[in-house]
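Below is one structure, written out as structure tokens; the observations come after it.
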Amino acid sequence: MTAAVPTRRRVVAIDVARALAIVGVVINHSIDGLVAAGLAPPGGWLHDANAALHVFRMPTLVFLVGVFVPLSAVKRGRLASALDRVRLFGWLYLVWFILQGAIEFGTNDLRNTPRGIAESLRPWESFAHLWFLPFLVVTAVVLAVLAPWRSRSRAAGSLVLLFATAVTTWSWNSDVVGLTGLSLLFFAAAGSAIGMNRVSQLLSADPRLVAATAGVALTLFLLLSPWDLAPATRLGPTAPVPERLAAMVAAVAGMAALLAVASLLARTGPLARRLASIGRETLPIFLAHVMVVAGVRVCMVGAGVTSPLLILGVAVVLGVAIPLAARAIVRRSAFTAWVFDLPRWATRPDVRRSERAPN
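Residues 6 to 364, numbered by the working numbering, are exactly what the sequence shown covers, in order.
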């Protein structure tokens with residue numbers, strides 16, 4: 006790997022891939038809620054599809070986070086870029102820990118799993134999907150130190166180190182902030198080592214080659230599916246080493262298939278533009294979708310709707326649309342923009358919002 010200066014131009018295929026990954030997150034959490042509420046059978050096809058999606062959607066999202074890191078590092082320096090991300094994600098973790106914790110505690114009568122007051126007073130214990138924000142803080146620091154994009158030797162050393170970390174910690178997780186998802190650091194480092202330019206070139210390859218890649222990757226994923234493919238972020242006993250390795254290979258295969266599909270969708274005109282617009286705003290969707298899909302499920306069940314597919318469809322659409330609408334509303338005022346961003350008093354004047362967002 007050489008220290009090529011990354012491009013600043015948005016790449017539609019990458020934004021489409023980000024959209025597919027974040028929609029996958031919304032689908033996963035929607036199905037999780039349906040299963041927990043007894044609306045979807047634990048052993049049905051919906052459960053199996055959900056388990057398969059769990060294996061590769063977070064590795065893909067983290068890989069794409071890594072792809073953007075060299076751009077900020079080259080422009081502002083590794084330390085400044087990392088500090089910007091640490092401040093942003095640290096702030097958002099505290100805001101959403103308080104906000105979501107208060108809402109969950111206040112709606113305990115409607116929840117599958119009630120939340121106690123003591124849990125809401127322990128910010129060092131992440132809950133639900135909020136583990137990802139401290140993970141992004143850890144990622145910013147680790148990548149700033151290792152800088153895999155600067156040279157081939159740095160890339161090789163970083164990937165070997167983090168591959169060993171991934172094998173060791175795959176499916177091992179703690180609810181202590183910063184200790185969930187450590188195995189995903191390998192994917193962030195891989196994304197930063199490959200970089201924007203190379204990923205863009207790969208995604209703009211001949212569509213026949215891209216389609217063939219998708220087919221091969223999907224076939225490999227299906228061949229591995231009979232194994233107990235534990236997601237990287239699963240809570241519970243650590244899987245045996247062979248199963249961890251199989252899950253990691255499956256995650257890479259699923260990621261390759263998703264990126265190939267994104268490459269093909271990026272050539273579809275209006276659909277590509279709509280997906281890319283979603284992919285450019287993944288952070289508000291990630292932060293707010295859990296409360297939205299839970300609210301949709303409760304409201305629809307209360308209205309007498311029990312079809313899991315119907316609830317899932319509505320929850321996914323609104324789980325994407327409502328956070329985007331909320332983002333558009335709150336960003337208009339400095340008094341509310343802090344819900345999805347740093348408050349202005351904590352923002353360095355030379356850093357634009359678009360550069361602080363989790364690319």
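Using N, Cα and C, we set each Cβ at its ideal position, and we do this for glycine too. Note that the coordinates shown come from a computational prediction; the quantities given were computed from them, not determined experimentally.
Where residue i sits in the DSSP three-state scheme
i: E286; result: coil
i: R357; result: Reliability of the predicted coordinates at R357 is poor, the pLDDT of 47 falling under 50, and no value is obtained from them.
i: V301; result: helix
i: V91; result: helix
i: A252; result: helix
i: V310; result: coil
i: V181; result: strand
i: F345; result: coil
Own chain partners of residue i with C-beta closer than 7 Å, once the 5 adjacent residues on each side are dropped
i: L270; result: V21, L276, A277 and L280
i: K80; result: none
i: P139; result: Y98, S131, V182 and G183
i: V74; result: L148 and S197
i: S282; result: none
i: R159; result: L151, A152 and P153
i: V40; result: P47 and H52
Limits of the alpha helix (DSSP H) - the one that residue i falls within
i: P64; result: W50 to R81
i: V150; result: F137 to L151
i: G43; result: Run containing G43: none; DSSP gives neither H nor E here.
i: V165; result: R157 to T174
i: P236; result: That residue, P236, is in no alpha helix (DSSP H); it is neither H nor E in DSSP.
i: A217; result: P212 to L229
i: R203; result: L190 to L208
Cβ-heavy atom distance, residue i to the ligand GDP, below 8 Å
i: A193; result: This structure lacks the ligand GDP; in fact it carries no ligand of any kind.
Beta-carbon proximity check, residue i vs residue j, cutoff 9 Å
i: R285; j: R15; result: yes
i: V325; j: M305; result: no
i: V31; j: V298; result: yes
i: A262; j: S176; result: no
i: A380; j: L234; result: No answer is possible for residue 380: it lies beyond the span of the chain, which begins at 6 and ends at 364.
i: A193; j: F226; result: no
i: S179; j: T170; result: no
i: A195; j: F68; result: yes
i: R255; j: S230; result: In the sequence on display, residue 255 carries Ala and not Arg. Yes, the Cβ-Cβ distance between A255 and S230 is below 9 Å.
i: L250; j: V172; result: yes
i: I19; j: A267; result: yes
i: P313; j: A45; result: yes
i: I133; j: V295; result: Reading the sequence as shown, one finds Ala at residue 133 and not Ile. Contact flag set, yes.
i: A252; j: A265; result: no
Proximal residues to residue i (C-beta, below 8 Å), its chain only, five neighbours per side dropped
i: A107; result: S125
i: I122; result: F110
Residue closest to residue i, alpha-carbon to alpha-carbon, out of the options
i: T65; options: L240, S158, M260 and S282; result: M260
i: R349; options: A18, I19, W96 and R249; result: W96
i: L5; options: L58, A160 and L135; result: Nothing about residue 5 can be read from this structure; the chain reaches only from 6 to 364.
i: V301; options: T287, V322, R23 and F94; result: V322
i: L288; options: G307, P328 and G274; result: P328
i: T341; options: L51, R62, F94 and V100; result: V100
i: L25; options: L39, G82, G38 and M63; result: M63
i: D53; options: R332, A42 and D37; result: D37
Own chain partners of residue i with C-beta closer than 6 Å, once the 5 adjacent residues on each side are dropped
i: R90; result: A145
i: L317; result: S35
i: L292; result: W101
Beta carbon proximity, residue i to chain C, threshold 9 Å
i: P348; result: Absence of chain C from the displayed structure is noted, only one protein chain being present.
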